[in-house]
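Novice: Numbering-wise (the UniProt record's numbering), the sequence shown opens with residue 1 and increments by one.
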Amino acid sequence: MQKYIRAANNICRSFTSFPKFFRISEEVSESFLNGKPVIAMESTLITHGLPYPENIKTVNEMEKIVRSSNATPATIGIIGGKVIIGMNSTEISSIASKSKNTVKVSRRDLPYVISQSVNGGTTVAATMILAKMAGISVFATGGIGGVHRGAETSMDISADLHELSRTPIAVVSAGVKSILDIGRTLEYLETLGVCVATFGPTKDFPAFFTPKSNFQAPCNVESAKEAASLIETNSQLGLENGVLIAVPIPEEFREQGLKTEAVIEDALKEARDKNIVGRDVTPFVLSRVQELSKGAALEANIGLLLNNTRVGTQIAIELNKLRSPEGTSSSRVMRSPVTHEAKNVFSPSGRPIVKL
């Protein structure tokens with residue numbers, strides 16, 4: 001009985017915790033209420049990562065993969081200053097055309113973009129923050145940001161790393177983007193106390209476009225069930241950091257990955273020559289890599305995104321099972337759309353019921 005009372009208290013608190021600019025889609029909200037697994041996805045891959053119209057096609061395919069496993073995708077973005085958890089097809093299309101008015105949003109940018117009522121594609125860091133607010137525990141993406149090459153002089157280090165150290169979200173990715181310094185990124189994550197695990201039989205840390213780098217992760221998990229156990233243990237310990245699950249790109253994309261790696265250095269040199277710095281480096285370099293690789297980078301990028309989505313979805317499902325052993329309701333904090341009035345009551349068995 002006590003656990004149901006605690007759950008009810010959490011639900012009641014959650015209904016008043018959202019600011020006015022926060023909206024959860026009906027599909028995502030119903031999934032929470034029904035104990036269905038939900039997985040977060042970012043929107044910078046739509047606004048800044050992939051070219052149009054491949055960006056829309058890829059996100060649609062990612063969402064299809066999630067739904068085919070009886071889970072719910074929650075693509076997160078900002079439209080007109082409104083945070084949307086679970087963007088619909090119209091909303092995705094509205095930010096997919098590479099408008100200059102759409103901002104790349106990390107932690108520092110959230111207050112400005114929301115207060116100025118503009119559109120924003122959320123990075124890994126911003127997506128983690130918003131996913132946590134919504135009560136989502138697993139987030140699938142392509143690759144996280146990290147320590148840039150030459151950071152010993154430029155101090156260019158992605159906010160994604162610090163977010164992993166203070167926001168308890170499991171991020172499923174193909175490691176860090178290969179245009180970055182993978183070794184220093186892993187060292188920095190160690191300093192920040194972030195748990196990093198590869199997904200598979202070895203500890204070989206992936207190099208985004210290729211299955212292996214020259215670096216090792218501190219540990220590995222060989223199944224979605226093991227990954228879920230790791231994430232849940234991190235949570236039960238009360239640790240406030242996230243968990244990075246690094247998934248190697250499928251072997252079928254090895255050739256495209258090798259072609260891509262061969263042109264990365266040229267793209268990085270071009271960025272230096274043009275004095276492109278800060279948040280503009282990654283979009284510029286990735287765009288040039290796609291051009292120089294003659295489509296190989298795009299094919300590999302889409303392939304790893306879809307694969308990470310499959311793996312992330314299975315992890316979310318297994319985590320949901322761990323947190324809902326009776327199969328009746330999710331133990332996550334359940335939330336409803338802020339546009340609905342919600343009332344909390346108890347069933348005859350003492351379980352909390354939310355009526356919208």
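Where a beta carbon is used, it is the ideal one built from N, C-alpha and C, also for glycine. A quick note: this is a predicted structure, and the numbers were derived from the prediction, not measured.
(1) If you measure between the beta carbons of V289 and V247, is that distance less than 8 Å?
(2) Between L186 and the rest of its own chain, which residues show a CB-CB distance below 6 Å, the 5 nearest in sequence each way excluded?
(3) Specify the secondary structure class of T233 as computed by DSSP and reduced to three states.
(4) So, under 8 Å CB-CB, P168 and S94 are touching, yes? Tell me the CB distance rounded to an integer number of Å.
(5) Cutting at 6 Å between CB atoms, please list the residues of its own chain near V243, excluding the five before and the five after it.
(6) Name the residue from Y52, S137, M62 and A131 whose alpha carbon lies nearest to the alpha carbon of V83.
(7) Enumerate in chain order the residues of its own chain whose CB-to-CB distance from S293 is below 7 Å, with the five nearest sequence positions on each side excluded.
(8) In whole angstroms, give me the CA-to-CA distance for V103 and N308.
(9) Is the beta carbon of D156 closer than 8 Å to that of H162?
(10) Compute the Euclidean distance between the alpha carbons of T44 and E240, then round it to the nearest angstrom.
(11) Reducing DSSP to helix, strand and coil, say where F22 ends up.
(12) Does the separation of the CB atoms of I245 and G303 fall below 8 Å?
(13) Rounded to whole angstroms, how far is the Cβ of G143 from the Cβ of K177, which I believe are closer than 8 Å?
(14) Quick one: give me the first and last residue of the beta strand (DSSP E) that G293 is part of.
(15) Output yes if chain B places a C-beta closer than 8 Å to the C-beta of G86; else output no.
(16) CA-CA distance, F199 and A227?
Specialist: In short:
(1) For V289 and V247, no; Cβs fall outside 8 Å.
(2) Sequence-distant Cβ neighbours of L186 in its own chain, meaning closer than 6 Å and more than five residues away, are F215.
(3) Of the three classes helix, strand and coil, the one that applies to T233 here is helix, per DSSP.
(4) Actually they do not touch by this definition, with Cβ atoms about 31 Å apart.
(5) Its chain contains A170, C195, I231 and N234 as the residues whose beta carbon lies nearer than 6 Å to that of V243, once the 5 sequence neighbours on both sides are disregarded; these appear in chain order.
(6) Nearest neighbour of V83 by Cα position, chosen from Y52, S137, M62 and A131, turns out to be A131.
(7) Taken in chain order, the residues that qualify are K259, T260 and V263.
(8) Distance between the alpha carbons of V103 and N308: 25 Å.
(9) No, they are not a contact pair.
(10) Just so you know, the alpha carbons of T44 and E240 end up roughly 25 Å apart.
(11) Strand.
(12) When the beta-carbon positions are compared, I245 and G303 stay at least 8 Å from each other.
(13) Yes, G143 and K177 are in contact; Cβ-Cβ is about 4 Å, under 8 Å.
(14) A small fix is needed here, since residue 293 is Ser in this sequence, not Gly. It is not in any beta strand (DSSP E) - S293 carries neither H nor E in the DSSP assignment.
(15) No chain B appears in this structure, which consists of one protein chain only.
(16) So the alpha carbons of these two residues sit roughly 8 Å apart.
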